[in-house]
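S.K.: The structure is given below, and queries will be raised subsequently.
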Amino acid sequence: RRMFYTVPKIDDLHSLGSPIENAKRAAAYRAVDENLDVFEHKVIGIGSGSTVVYVAERLGQYLKDAKFTDYVSKFTCIATGFQSKQLIMDNGLNFGVIEQNPNIDIAFDGADEVDHQLQLIKGGGACLFQEKLVSTSAEKFIVVADSSKRSPRLLGVNWRQGVPIEVVPPAYVKVKNELLSKLNAANVVLRQGGRAKAGPIVTDNNNFILDADFGEIENPKELHDKIKAMVGVVETGLFIDNAAKVYFGNSDGTVDVMV
Ligand code: 5RP
């Protein structure tokens, strides 16, 4: 059984002007402030996307705060992809690799959709494999999102259409055919990159992404298991029983928390 509560705006939060950016930042700042124990957490996972930008920004602020500098300067941040690595460096945080830091204390990441059971669809930024690696290696996984990401059931409508699936390139046609014929996907699209959609986008692991539309997803865990069992599938964007807490930011700076 899940619990909801709303927390007020952080005191010193000036408006950024854009309602959606205000919402994303409110969620991220609140999530860091409430969950990060600067004296205890040493290894922190940093996700990908536009909301987690504000998580890294908040950590950068902690680093400049005399109270925390000594502790925060000893943090190691684990990236989930190229953008995430840039965020860590841009905010003056230490970068580490997961091979050397396999036990992550806490990870923060965004989501494309969140249902009432805290099941997620992720992978809008094509970073789902490393995001899942980091979030499942973390003792605590905290999700930050604007409130438009909240949905009673997973529908796969917030990004492209459906569930992102990372596949090994030579297997994409086979996996696509199986998603259509065996799992009754309504549509499966090989994600194309660039403005001209000149070719398939290639992930940080040199794979492709299929976006598979299943409409409303009745049982996300069962669907994940069936997709994952297909030869050629590296990972799915269905994050099952993984998130500990979700922070949904609103444009007025308040935040709805789902536990
Ligand atoms: C990238 C992701 C992102 O976390 C997800 O797309 C949410 O991004 P944003 O915070 O920009 O809405 O899963 O693969």
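The sequence shown begins at 34 in UniProt numbering and counts up by one.
From the three backbone atoms N, C-alpha and C, an ideal C-beta is built for every residue, glycine too.
With a threshold of 7 angstroms, establish whether the CB of Thr169 neighbours any heavy atom of the ligand 5RP.
M.R.: Because no heavy atom of the ligand 5RP lies under 7 angstroms away, the Cβ of Thr169 does not count as near it: no.
S.K.: Give the straight-line distance between the Cα atoms of Ala171 and Ile273, rounded to the nearest whole angstrom.
M.R.: Roughly 14 angstroms between the two C-alpha positions.
S.K.: Whole angstroms are fine: how far does the CA of Leu69 sit from the CA of Tyr104?
M.R.: For Tyr104 and Leu69, the distance between alpha carbons rounds to 12 angstroms.
S.K.: Where Ile137 and Lys57 are concerned, what is the direct C-alpha to C-alpha distance, given to the nearest angstrom?
M.R.: Distance between the alpha carbons of Ile137 and Lys57: 24 angstroms.
S.K.: Is the beta carbon of Ser83 within less than 7 angstroms of some heavy atom of the ligand 5RP?
M.R.: Under cutoff, so the answer is yes.
S.K.: For Cys110, list the residues DSSP reports as bridge partners.
M.R.: Cys110 is bridged to Ile77 and Phe128.
S.K.: Please report the residue range of the alpha helix (DSSP H) in which Val85 lies.
M.R.: Val85 to Lys97 is the span of the alpha helix (DSSP H), which, as asked, contains Val85.
S.K.: Please identify the residue among Ala59, Glu54 and Phe37 whose C-alpha is closest to the C-alpha of Asp45.
M.R.: Cα-wise, what sits closest to Asp45 is Ala59.
S.K.: When DSSP labels each residue in this structure, what does Leu166 get in the three-state scheme?
M.R.: The answer is helix: DSSP assigns Leu166 an H, G or I state.
S.K.: The beta strand (DSSP E) spanning Glu251 covers which residue range?
M.R.: Premise fails: Glu251 is in no beta strand (DSSP E) and is neither H nor E.
S.K.: Pairing CB atoms from the segment 148-156 with CB atoms from the segment 176-185, are three or more of them under 8 angstroms?
M.R.: Yes, the segment 148-156 touches the segment 176-185.
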